[in-house]
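Asker: Positions in the sequence shown are counted from 1; adding 968 to them yields my numbering.
Don't be surprised by glycine CBs; every beta carbon is placed ideally from N, CA and C.
Given the structure is predicted, the values throughout are model-derived calculations rather than measurements.
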Amino acid sequence: MAKQAAPVKKNQTVTLRFEDLTHEGSGVGKIDGYPLFVPYALPGEGGDVKVVKVNKNFGFGKLLNVTKPSSERVEPPCDVYYKCGGCQLQHMSYNMQLDMKQEQVKNAMRKIAHLENVPVHPIMRMEDPWRYRNKVQMPVGEKEDGELMTGFYQKRSHRIIEGMETCNIQDEVNDRMVEAVRRLADRFGIPAYDEEKDTGVIRHIVVRTGEETKDTMIVIITRTPDLPHQSELVTELIKTYPHITSIVHNINDRKTNSIWGKESKAIWGDDYIYDTIGDIKFAISAKSFYQVNPPQTKKLYNKVLEYARIGSHDTVVDAYCGIGTISLFLAQEAKNVYGVEVVPEAVDDAKKNAKLNGLSNAAFYVGEAEKVMPWWTAQGMHPDVVVVDPPRKGCDEDLLKAMIGMEPKRIVYVSCNPSTLARDLRILEDGGYAAQEVQPVDMFPQTHHVEAVCWLERKIS
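1) Indicate the three-state DSSP secondary structure (helix, strand or coil) for THR1415 in the structure shown.
2) Quick one: grab the DSSP three-state call for ASN1304.
3) So what's ILE1294 in DSSP terms, helix, strand or just coil?
4) Within this structure, are the beta carbons of THR1192 and VAL1169 separated by less than 7 Å?
5) Are the region 1019–1030 and the region 1089–1102 in contact at 8 Å, needing three or more beta carbon pairs?
6) Considering ASP988, what are the terminal residues of the beta strand (DSSP E) in which it resides?
7) Which residue from GLN1072, ILE1186 and TRP1228 puts its Cα closest to that of LEU989?
8) Between the C-alpha atoms of ALA1314 and GLU1365, what's the straight-line distance to the nearest angstrom?
9) Are the beta-carbon atoms belonging to LEU1057 and GLN1065 less than 7 Å from one another?
10) Counting only runs of 3+ residues fully inside the region 1096–1158, write out the beta strand (DSSP E) ranges in chain order.
11) Can you check whether the CB of ASP1392 is closer than 7 Å to the CB of GLY1373?
12) Classify ASN1085 as helix, strand or coil using the three-state DSSP reduction.
13) Buried or exposed: ALA1390, going by 16 or more other Cβ atoms within 10 Å of its Cβ?
14) Which class does TYR1275 belong to by DSSP, given the choice of helix, strand or coil?
15) Classify ASP1282 as buried or exposed, calling it buried when 16 or more other Cβ atoms lie within 10 Å of its own Cβ.
16) Per DSSP, what are the beta-bridge partners of ALA1423 in this structure?
17) Just how far apart, CA to CA, sit ALA1153 and TYR1161?
18) Contact check, ASP1286 vs VAL1355 under 8 Å by CB: the rounded distance?
19) Between LYS1165, VAL1175 and THR1167, which lies nearest to ARG1144 when the distance is taken from Cα to Cα?
20) Where does the unbroken beta strand (DSSP E) through ARG1171 begin, and where does it stop?
21) Thinking C-alpha only, which one of GLY1054, HIS1059 and VAL1048 is nearest VAL1042?
22) Round the Cβ separation of TYR1288 and ALA1318 to the nearest angstrom and send it over; I've been treating them as touching at under 8 Å.
23) To which residues of the same chain is GLY1229 closer than 6 Å at the C-beta, ignoring the five residues directly before and after it?
24) Closest to VAL1022 by CA distance: which of ILE999, PHE986, GLY1053 and VAL976 is it?
25) Which residues in the same chain as GLY1054 place their Cβ atom closer than 8 Å to its Cβ, once the five residues preceding and following it in sequence are excluded?
26) By the 10 Å Cβ neighbour count, where 16 or more other Cβ atoms means buried, how is GLN1347 classified, buried or exposed?
27) Assuming ALA1299 contacts LEU1273 (C-beta within less than 8 Å), just tell me the rounded distance between them.
28) Excluding the five sequence neighbours on either side, which residues of its own chain have a C-beta within less than 8 Å of the C-beta of GLU1130, listed in chain order?
29) CB-CB under 7 Å to PRO1386, same chain, minus the five flanking residues each way: which ones, in chain order?
30) Taking the alpha helix (DSSP H) that MET1094 falls in, what are its first and last residues?
31) Please report the distance separating the alpha-carbon of ILE999 from that of VAL1017.
32) According to DSSP, is ALA1322 helix, strand or coil?
33) Does the Cβ of ASN1063 have 16 or more other Cβ atoms within 10 Å, making it buried, or fewer, making it exposed?
34) The beta strand (DSSP E) with LEU1004 in it runs from where to where?
35) Would you check if the distance between the CB atom of LYS1266 and the CB atom of MET1092 is smaller than 7 Å?
36) Just the Cα atoms here: how many angstroms apart are TYR1209 and ARG1150?
Following this line, the structure appears as structure tokens:
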């Protein structure tokens, strides 16, 4: 039987009407039933599209012009939006962004978890969906005349976008701090790192600011063990910007795309900045994982606490505990909280944070959760609640089995990827737990990412 050819060819220009959105926000239009995925197109719109890639069952296109714009189309406020890969949704209204993410979570529940009747609540929106990120990581490069520049990479490349002066989802203070460090480094003649030649000095500038405290940490990442003109650089920064509480030098001498090196040292001020979420205060070191959207994080953690329904006699396990952010929220209500995390530095920070808040009922351990939790079970630990907040890839199957083996009354699963959440919920359902409800939270406005928290109860056999 002859292979059926796609009804379009690469570089062909076609006229489409867009019917749907992918989970990443691209418009979907069809020619003779053959779908084309087209970034920046919206449902209900018509447009001319250049076909850029053809696969057997679907293809990709580039939007040339919109012949019939949607009422949900808006003008992106970012000058480099169509070059930068950081945001994907600035061309659509905020309401449409929320509807898209809500549908993404619902589809994952239906199609992947096969849970038709689990309620997915309306997504928790941001009051102001701009300037929310409390941390920025900017690569440093050089223009043709040798002047330093900072900016995000162009989509699918390691070329820095020239002329990028601001980022509309970053905290404005962080924007100014990146610019200040770049200007000073330029004045003192500190060369940028050249990725291809593995030469030069300054690789990245990282700035993090506390939402409540307004403490600011600047991290300068270099290829070299020394930071040239360190004393002058520090003096100028702290003289001009008194809100800076920490300046850190990180050394990354490897020929790699990774931002961070292993060695960090404070060259001025503290090793930490501080911030609060609700009633809990956190010490945050240079490499700590800390949620980038504090107002939405508070909503998320309050929902975790609500779903966990912890009593004063309950024992709780927090897998992937990080620096203890969720653990310490839970420790306000529980008898005991046990956190486990594979990164030793994060566990050190978690212990410091427990002490900082006077919470003696939270203990933290280094290790892989899927190995530590079965050992705890063998020692006779039977937690009432297990909370898990894994990375985007979701939970290892051994960890899911370990959670089921602990037989908690309740599991609360926090996820930044609806697809892996749904995949793991199917395993937990088959292992004796019933998903009760799902609450999406818009942690990352203007991007296609969506957070969700799910509450599961152990089935009574």
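Answerer: In this structure, then:
1) coil
2) strand
3) helix
4) yes
5) no
6) 981–989
7) GLN1072
8) 23 Å
9) yes
10) 1103–1110 and 1116–1118
11) no
12) coil
13) buried
14) helix
15) buried
16) Before going further, note that residue 1423 is Trp rather than Ala in the sequence given. In the DSSP output, where bridge partners are listed per residue, TRP1423 has VAL1380 and GLU1405.
17) 12 Å
18) 5 Å
19) VAL1175
20) 1170–1177
21) HIS1059
22) That pair is no contact at about 11 Å.
23) ASN1218, ILE1219 and ASN1220
24) VAL976
25) PHE1120, CYS1135, ILE1137 and THR1415
26) exposed
27) With 8 Å as the limit, ALA1299 and LEU1273 do not qualify as a contact, their Cβ atoms being about 11 Å apart.
28) LYS1111, MET1117 and GLY1119
29) GLN1072, VAL1073, ALA1076, VAL1418 and ALA1420
30) Where MET1094 is concerned, there is no enclosing alpha helix (DSSP H), given that its DSSP letter is neither H nor E.
31) 12 Å
32) helix
33) exposed
34) 1002–1006
35) no
36) 14 Å
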